[in-house]
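Trainee: Just so it is clear: in the sequence shown, position 103 is 103 by this note's numbering, and no numbers are missing. All residues carry an ideal CB built from backbone N, CA and C; glycine is no exception. One structure is given below, represented as structure tokens, and several questions about it will come after.
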Amino acid sequence: MPRHTLRPDSDTARAAAHPLRSLPVATETYPRGSSMLARWGLLAATAGLALTLGFATAGTALAAADGQAAQPGYVGTDTCATCHEEAVAAFKKTPHAASTKGCEGCHGPGSAHVDGSGDKAQIRQFKTLAAGESSGVCMECHNKAGQKHWLGSSHDSRGVACVNCHEVHPKGEAPKALLAKTQLELCTGCHLQKKAQLLRPGHMPVREGKLQCTSCHNPHGTPNDKMLLQTSVNQNCYTCHAEKRGPFLWEHAPVRENCLNCHDAHGSINEKMLKVKQPLLCQQCHQTASHPGPAYPAMSRYAFNQGCMHCHPTIHGSVHPSGNRFFR
Ligand code: HEC
Ligand code: HEC
Ligand code: HEC
Ligand code: HEC
Ligand code: HEC
Ligand code: HEC
Ligand code: HEC
Ligand code: HEC
Ligand code: HEC
Ligand code: HEC
1 MPRHTLRPDS DTARAAAHPL RSLPVATETY PRGSSMLARW GLLAATAGLA LTLGFATAGT
61 ALAAADGQAA QPGYVGTDTC ATCHEEAVAA FKKTPHAAST KGCEGCHGPG SAHVDGSGDK
121 AQIRQFKTLA AGESSGVCME CHNKAGQKHW LGSSHDSRGV ACVNCHEVHP KGEAPKALLA
181 KTQLELCTGC HLQKKAQLLR PGHMPVREGK LQCTSCHNPH GTPNDKMLLQ TSVNQNCYTC
241 HAEKRGPFLW EHAPVRENCL NCHDAHGSIN EKMLKVKQPL LCQQCHQTAS HPGPAYPAMS
301 RYAFNQGCMH CHPTIHGSVH PSGNRFFR
């Protein structure tokens, strides 16, 4: 076995590019403190590749930013660049350039891959990983902030992985390394029913770009139902429609209970995203009140122009002392 099969190009060429690389400074291999134990453990683990490895890691001491290169099995981003020049150049423009762990932060230790002259079987390829494993790699770093509720979230538990929504080697211009330019496009690629709903006439301005799916949901999971950002549907709606929160002198029970008793959050064929057309909307519950009954003669003033709201306009609640019937 050659002492170092780091890269396919000749030693001379490599030496010219990185003079220090060709120095087999074995002692610098374990700058984090090198007990014999660690060395032997490493020898065993890398099954005879230790020599090469020592060489590789010593070489990449050059890649000073690459904190991980100092660890056994890791070679550092500069080494990857010798063969994956384009990928590395493109990668340096992405937010992940801020990671001190370089390529191997995600692809795992690369020395065996390098020694095998780019043996694909010796490097972590995301397309061969199951969803949970794949996301597990990302979660090594992204287990905080917006992603902290990922594990067990609806997406995680249904086999959706980070890479179903993100591409960390971006091919397009999409923000946040997303696979599609807009969330609408990204999310409705799977959520077809939501796409259809958002195209209905009664809708909030999601397709107009004023709201995003993430105005209400965190696709990485939340402790709340339906991955909502707020603890309940009503709390969600109040964040933007604060006037519906009240307080009211006269509350309308179904409004307090759940806005979705009457509205569909994503869109409906009725105006104002009402689930059911008026007056049927009201009559679902108010069948036996003194004046309304389910079947009106068309001329009935109570059903005039299909509107209970003509006389009961403050349907979300009233602050007027005599608003108990939501007249004002
Ligand atoms: C943040 C994690 C991460 C880092 C860091 C990373 N990669 Fe990747 N890499 C991936 C994922 C995930 C894929 C699978 C394709 C995709 O989603 O873009 C991939 C795919 C690849 C591929 C396969 C070609 C392709 O587009 O499918 C190559 C080659 C590659 N990466 C090389 C590199 C190199 C070289 C570096 C360092 C400059 C690097 N990667 C850094 C996550 C990463
Ligand atoms: C000696 C040259 C060489 C070096 C150095 C090298 N690679 Fe590779 N790499 C290759 C070759 C060759 C392939 C196979 C390309 C193919 O068959 O399409 C490959 C394939 C890959 C793949 C799989 C691509 C796919 O098609 O899915 C990944 C990921 C990858 N390399 C990452 C890395 C990383 C990370 C490093 C640095 C730790 C690195 N490589 C260093 C030569 C190299
Ligand atoms: C269902 C699609 C989807 C999945 C799956 C997904 N993301 Fe995201 N991610 C998004 C969207 C959309 C944004 C943009 C949020 C924004 O712009 O407010 C985002 C943003 C991010 C951000 C930027 C910071 C932030 O929180 O806004 C990070 C980091 C991130 N995702 C990491 C991950 C990781 C790690 C995983 C897997 C554990 C993952 N994502 C899975 C859709 C997804
Ligand atoms: C070695 C640590 C590490 C790993 C592993 C890692 N990331 Fe990151 N990621 C970072 C750092 C550092 C940043 C940039 C700073 C930040 O936004 O926190 C970042 C940023 C991001 C962003 C935000 C991009 C933007 O435009 O704001 C997304 C999305 C993301 N990572 C997705 C992923 C995905 C998907 C994976 C798994 C394939 C992954 N990351 C694996 C460290 C990592
Ligand atoms: C790769 C396909 C895919 C993509 C892309 C995707 N989802 Fe999902 N989503 C799923 C699956 C699968 C489920 C689980 C469905 C179920 O349990 O019925 C789900 C469930 C959900 C749920 C319901 C949660 C619950 O607890 O019932 C919400 C909300 C959601 N996704 C939002 C989003 C958002 C927002 C985006 C875009 C940022 C998105 N999804 C992108 C596949 C996807
Ligand atoms: C204005 C807030 C809001 C926006 C914007 C929004 N949603 Fe929702 N979404 C909700 C609420 C509220 C629920 C809970 C419905 C329930 O409890 O029945 C929900 C539920 C869901 C569900 C679970 C299935 C269901 O209908 O019960 C999915 C999937 C979903 N949303 C996907 C999306 C996608 C994809 C987008 C972006 C295209 C999006 N949502 C935008 C508020 C919103
Ligand atoms: C992130 C902010 C936001 C959240 C959260 C939100 N909305 Fe909206 N909503 C809007 C905006 C913006 C409009 C458009 C207002 C306009 O055009 O004047 C709107 C419009 C509406 C309309 C009128 C639609 C029409 O056809 O004119 C209804 C009804 C509505 N929202 C109900 C809800 C309900 C119910 C919830 C909770 C599930 C909710 N909203 C959550 C921002 C939000
Ligand atoms: C009992 C049924 C019902 C419930 C429950 C309900 N609404 Fe409405 N909402 C309506 C009706 C009917 C309209 C149409 C009013 C009109 O045409 O003037 C409407 C209109 C709206 C509008 C658009 C017009 C306006 O008043 O700004 C918004 C926003 C709205 N509702 C938000 C909410 C929120 C937020 C909740 C939960 C707190 C909620 N609604 C609960 C029946 C209801
Ligand atoms: C989901 C069921 C439901 C829907 C839909 C509904 N309501 Fe109500 N409404 C109630 C309940 C429950 C009360 C409280 C009854 C009570 O306190 O005896 C109430 C009270 C009222 C009151 C006051 C009556 C009283 O006895 O104090 C009026 C007026 C009213 N609703 C009108 C409407 C109108 C108009 C609509 C359609 C826009 C409507 N409601 C839709 C359930 C509903
Ligand atoms: C022309 C005006 C008008 C229209 C239209 C109207 N109402 Fe009323 N409604 C009233 C008046 C006035 C009262 C008060 C009656 C009373 O206090 O005895 C009332 C009372 C109510 C009450 C209180 C319970 C009761 O038995 O007194 C409910 C519930 C109600 N209306 C529901 C509706 C519904 C549902 C519609 C649409 C189908 C509707 N109203 C249409 C004028 C109207």
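#1: Can you tell which of Ala87, Gly136, Gly76 has the C-alpha that lies nearest to the C-alpha of Ser157?
#2: Answer yes or no: do Gly202 and Asn270 have a C-beta to C-beta separation smaller than 7 Å?
#3: Measuring CB to CB, does His217 end up less than 7 Å from Met227?
#4: Cβ-heavy atom distance between Gln230 and ligand 2 below 6 Å?
#5: With a threshold of 6 Å, establish whether the CB of Val75 neighbours any heavy atom of ligand 2.
#6: Considering only heavy atoms of ligand 7, does any lie closer than 6 Å to the CB of Cys259?
#7: Taking 6 Å as the cut-off, does the CB of Cys83 come closer than this to any heavy atom belonging to ligand 6?
#8: Is the number of C-beta pairs between the region 177-186 and the region 247-264 that are closer than 8 Å three or more?
#9: Measuring straight from C-alpha to C-alpha, what distance separates Ala112 and Gly267?
#10: Using DSSP bridges, identify the partner residues of His263.
#11: Verify whether the separation of the beta carbon atoms of Glu167 and Ala177 is less than 7 Å.
#12: Starting from the Cα of Glu133, find the closest Cα among Ser117, His107, Lys148 and give me that residue.
#13: Measure the CB-CB distance between Val88 and Ala98 and report whether it falls below 7 Å.
#14: What is the rounded straight-line gap between the Cα of His191 and the Cα of Cys240?
#15: How many whole angstroms separate the CB atoms of Pro109 and Gly73, which I take to be in contact at a CB cut-off of 8 Å?
#16: Pull up the DSSP beta-bridge partners for Ser215, would you.
#17: I need the straight-line Cα distance from Thr100 to Ala265, nearest angstrom please.
#18: Quick one: residues in its chain with C-beta nearer than 8 Å to the C-beta of Gly307, no 5 flanking neighbours on either side, listed in chain order?
#19: Applying the 10 Å Cβ sphere with the 16-neighbour rule, what's the burial state of Ala64?
#20: Would you check if the distance between the CB atom of Ala131 and the CB atom of Ala161 is smaller than 7 Å?
#21: Since I believe Trp150 is in contact with His220 (beta carbons under 8 Å), could you give me their beta-carbon distance rounded to a whole number of angstroms?
#22: Would you say the beta carbon of Trp150 comes nearer than 6 Å to a heavy atom of ligand 3?
#23: Which word fits Val233, buried or exposed, when buried means at least 16 other C-beta atoms lie within 10 angstroms of its C-beta?
#24: Compute the distance between the beta-carbons of His330 and Val255, then report whether it is under 7 Å.
#25: For the candidate residues Gln212, Gln122, Gly102, Ser117, whose alpha-carbon lies nearest to that of Ser141?
#26: Mark His320 as exposed unless 16 or more other C-beta atoms lie within 10 angstroms of its C-beta, in which case mark it buried.
#27: Starting from Trp250, follow its DSSP beta bridges and name the residues at the other end.
#28: My output table needs one value for His191: the three-state DSSP class, helix, strand or coil.
Mentor: Working from what's here:
#1: Residue mapping note: residue 157 aligns to position 157 of the sequence shown, counting from 1. That would be Gly136, whose Cα lies nearest to the Cα of Ser157.
#2: If you number the sequence shown from 1, residue 202 lands on position 202. If you number the sequence shown from 1, residue 270 lands on position 270. Their beta carbons are under 7 Å apart, which means Gly202 touches Asn270 by this criterion.
#3: The residue you call residue 217 lines up with position 217 of the sequence shown. The residue you call residue 227 lines up with position 227 of the sequence shown. Yes; because the gap between Cβ atoms is below 7 Å, this pair is in contact.
#4: For the purposes of this step, residue 230 is taken as residue 230 along the sequence shown, with counting starting at 1. Because no heavy atom of ligand 2 lies under 6 Å away, the Cβ of Gln230 does not count as near it: no.
#5: Residue 75 sits at position 75 when you count from the first residue of the sequence shown. Correct: Val75 has its Cβ closer than 6 Å to ligand 2.
#6: Along the sequence shown, read from residue 1 onward, the residue named residue 259 stands at position 259. Indeed, a heavy atom of ligand 7 lies less than 6 Å from the Cβ.
#7: The residue given as residue 83 occupies position 83 in the sequence shown. Not under cutoff, so the answer is no.
#8: no
#9: For the purposes of this step, residue 112 is taken as the residue at position 112 of the sequence shown. For the purposes of this step, residue 267 is taken as the residue at position 267 of the sequence shown. Taking the straight line joining both Cα atoms gives about 53 Å.
#10: Counting from 1 along the sequence shown, the entry for residue 263 is found at position 263. Paired residue(s): Leu274.
#11: Translated into the one-based positions of the sequence shown, residue 167 becomes position 167. Translated into the one-based positions of the sequence shown, residue 177 becomes position 177. Yes, the Cβ-Cβ distance between Glu167 and Ala177 is below 7 Å.
#12: The residue labelled residue 133 in the question sits at position 133 within the sequence shown. Closest by alpha carbon: His107.
#13: In the sequence shown, counting from the first residue as 1, residue 88 sits at position 88. In the sequence shown, counting from the first residue as 1, residue 98 sits at position 98. Not closer than 7 Å, so no.
#14: Mapped onto the sequence shown, residue 191 falls at position 191. Mapped onto the sequence shown, residue 240 falls at position 240. Straight-line Cα distance between these residues: approximately 24 Å.
#15: Translated into positions along the sequence shown, residue 109 becomes position 109. Translated into positions along the sequence shown, residue 73 becomes position 73. Right, the Cβ-Cβ distance comes to about 3 Å (below 8 Å), so this counts as a contact.
#16: Locating residue 215 in the sequence shown gives position 215, counting from the first residue. Ser215 pairs with nothing; no bridge assigned.
#17: On the sequence shown, position 100 is the one that residue 100 refers to. On the sequence shown, position 265 is the one that residue 265 refers to. About 42 Å.
#18: In the sequence shown, counting from the first residue as 1, residue 307 sits at position 307. Cβ neighbours of Gly307 beyond the five flanking positions: Gln278, Pro279.
#19: Here residue 64 is taken as the residue at index 64 of the sequence shown, counted from 1. Confidence at Ala64 is low in this model, with a pLDDT of 36, below 50, so the placement of that residue should be treated as unreliable; the coordinate-derived value is given next. By the 10 Å Cβ count, Ala64 comes out exposed.
#20: Walking along the sequence shown from the start, residue 131 turns up at place 131. Walking along the sequence shown from the start, residue 161 turns up at place 161. Yes, these two residues count as a Cβ contact at 7 Å.
#21: For the purposes of this step, residue 220 is taken as the residue at position 220 of the sequence shown. For the purposes of this step, residue 150 is taken as the residue at position 150 of the sequence shown. About 5 Å separates the two Cβ atoms, so the contact holds.
#22: Position 150 of the sequence shown holds residue 150. Yes, the Cβ of Trp150 comes within 6 Å of a heavy atom of ligand 3.
#23: Here residue 233 refers to the residue found at position 233 when the sequence shown is read from its first residue. Val233 is buried by the Cβ-count criterion.
#24: What is shown of the chain runs 1 to 328, which leaves residue 330 out entirely.
#25: Position 141 of the sequence shown holds residue 141. First, the residue type needs correcting, since residue 141 is Cys and not Ser in the sequence shown. The option with the nearest alpha carbon to Cys141 is Gly102.
#26: Along the sequence shown, read from residue 1 onward, the residue named residue 320 stands at position 320. His320 should be labelled exposed.
#27: Here residue 250 corresponds to residue number 250 of the sequence shown, with the count starting at 1. Paired residues: Ser318.
#28: Within the sequence shown, residue 191 is the residue found at index 191, counting from 1. Residue state, collapsed to three classes: coil.
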